[in-house]
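In terms of the numbering used here, the sequence shown opens at residue 20 and continues consecutively. Each residue gets a CB set at the ideal place from its N, CA and C atoms; glycine is no exception. Have a look at the structure below before the remarks.
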Amino acid sequence: MISLKHVSRAGVKTDLSGLFLRLSWSGDKSTAARSVTFSVLFAPNDKNIPKVPMELGEMIFVYDDDGKEIFRGYLFKMSKSLSGSSIEYTAYDGLRYLTQSKVNRIFKAATAASVARTVCAEIGVPVGYLEDAGGNQRFAALNRSAYEAIMIGYTGASKTTGHKYIPRMSAGRLSVIRKGARTAAVMLTADTNLTEASYTESIEDAVTAVKIVDKNDNYVGEVTAADNLKRYGRLQEIYQQEEKKDPYAPARAMLKGAERTANVTVFGNGQVDLITGNAVRIQDQLTGLVGLFYVDSDEHVWENGMQTITLTVNFQNLMDEQEGGEVDSGSSKASSSGAGSTGYSLDNFVYP
């Protein structure tokens with residue numbers, strides 16, 4: 020069974036493992052930050068029920084069955100009612116500080132990893148492993164969230180490398196890894212752990228042809244997915260060539276086939292690697308879910324001693340793509356938001 024701990028600003032540690040009624044640990048590729056929502060009994064007049072005062076901004080830790088930390092976050096929300104018998108708390112990991120903080124930056128000749136380091140230094144989020152995607156990024160991130168600035172850099176790198184990337188907090192530090200590079204240890208099958216599965220196939224967002232134009236909208240060339248073009252017809256996007264860059268690799272990256280997604284419910288047995296950004300093997304002949312799928316969202320719920328896992332999986336490996344603004348060729352300033360670091364760090368919140 021997982022364990023839940025609270026650390027107050029005064030450094031007082033409280034084990035909440037036997038006190039929570041329900042705990043949800045979840046993530047989604049489009050919302051970035053992982054969250055934990057849990058409820059505890061609230062009975063101020065009952066002396067038999069422990070009272071644990073918790074304030075917004077204080078820390079929450081979650082550990083798996085082996086005592087390994089799987090979540091480190093900060094309380095952002097508390098909900099209770101006059102007639103209710105419980106209090107619900109919501110905590111987010113450090114990525115919430117990147118999604119909720121805006122930056123003004125202009126990047127020139129920057130790699131995706133250097134963009135992440137620069138932005139994290141400004142917001143005060145410690146950095147761990149950053150995938151070296153190379154590249155030579157040139158873009159403006161003006162009044163954009165720090166998270167968006169980081170993903171603009173990695174979206175640009177993805178167009179060159181063909182890999183997909185996802186940010187993740189680990190022990191309080193930001194990492195950016197290749198999405199789908201890690202595969203969950205357990206295979207999901209109807210005979211063992213799948214309790215529900217639904218499957219959807221759609222070409223509503225398919226792209227079978229990309230027309231390439233220059234900055235004056237003159238025709239440069241075209242890339243197509245020949246089989247899909249023949250099968251589904253012309254579903255066309257336009258790509259405007261960037262100066263001094265090969266346009267064909269990023270144009271090819273815009274091609275999209277039929278999207279195959281599924282929602283599955285899994286009977287959990289301590290699995291904590293079935294999370295957004297990882298891949299999972301599924302064998303379910305009835306719905307046609309057979310092969311390697313990529314987790315786009317997940318929710319793990321522990322209640323009454325049971326773990327239930329709900330996943331949204333995709334046959335295609337997709338990332339949260341973000342596009343930056345153009346950089347004025349006359350500008351020589353590499354960054355428009357001043358010093359690279361404020362001297363503040365989320366590490367200040369790791370209480371003794």
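Practice task
Could you check the C-alpha separation between isoleucine 106 and glutamate 345 for me, to the nearest Å?
Solution key: 47 Å
Practice task
Please indicate yes or no: does the CB of proline 72 lie closer than 7 Å to some heavy atom of the ligand COA?
Solution key: Looking for the ligand COA in the displayed structure turns up nothing, as the structure carries no ligands at all.
Handout entry: Secondary structure, beta strand (DSSP E): runs of 3+ residues fully inside the region 158-223
Key = 184-189, 192-197, 213-221
Exercise for the section: Along the beta strand (DSSP E) that carries serine 45, what are the first and last residues, could you check? Expected result: 39-47
Practice task
With DSSP as the reference, label leucine 248 as helix, strand or coil.
Solution key: helix
Problem - Rounded C-alpha distance that separates leucine 193 from glycine 172 - result: 15 Å
Practice task
For the beta strand (DSSP E) containing glutamate 318, list its first residue and its last residue.
Solution key: 308-322
Problem - serine 98: first and last residue of the uninterrupted beta strand (DSSP E) it sits in - result: 88-98
Exercise for the section: Go ahead and label glutamine 290 buried or exposed: buried means 16 or more other beta carbons lie within 10 angstroms of its beta carbon, across all protein chains shown. Expected result: buried
Exercise for the section: Please determine, among Tyr111, Ala135, Asn237, Ser164, the residue with the shortest C-alpha to C-alpha distance to asparagine 123. Expected result: Ser164
Exercise for the section: Determine, using beta-carbon pairs with one atom in the region 221-237 and one in the region 255-272, whether at least three such pairs fall under 8 Å. Expected result: yes
Exercise for the section: Output the distance between the C-alpha atoms of aspartate 34 and alanine 176, rounded to the nearest integer angstrom. Expected result: 43 Å
Problem - threonine 243 (DSSP reduced to helix, strand or coil) - result: strand
Handout entry: Outcome for lysine 249 when other beta-carbon atoms lying within 10 angstroms are tallied against a minimum of 16
Key = exposed
Handout entry: Residue burial classification, methionine 97 (beta-carbon count within 10 angstroms, cutoff 16)
Key = exposed
Handout entry: Exposure label - aspartate 151; buried when at least 16 CB within 10 Å
Key = exposed
Handout entry: Cut-off 7 Å between Cβ atoms - residues of its own chain near isoleucine 294, not counting five sequence neighbours on either side
Key = Gly46, Val314, Asp317
Practice task
Assign threonine 130 to buried or exposed, taking buried as 16 or more other Cβ atoms, counted over all protein chains shown, within 10 Å of its Cβ.
Solution key: buried
Practice task
Within 10 angstroms of the Cβ of proline 63, are there 16 or more other Cβ atoms? Answer buried if so, exposed if not.
Solution key: exposed
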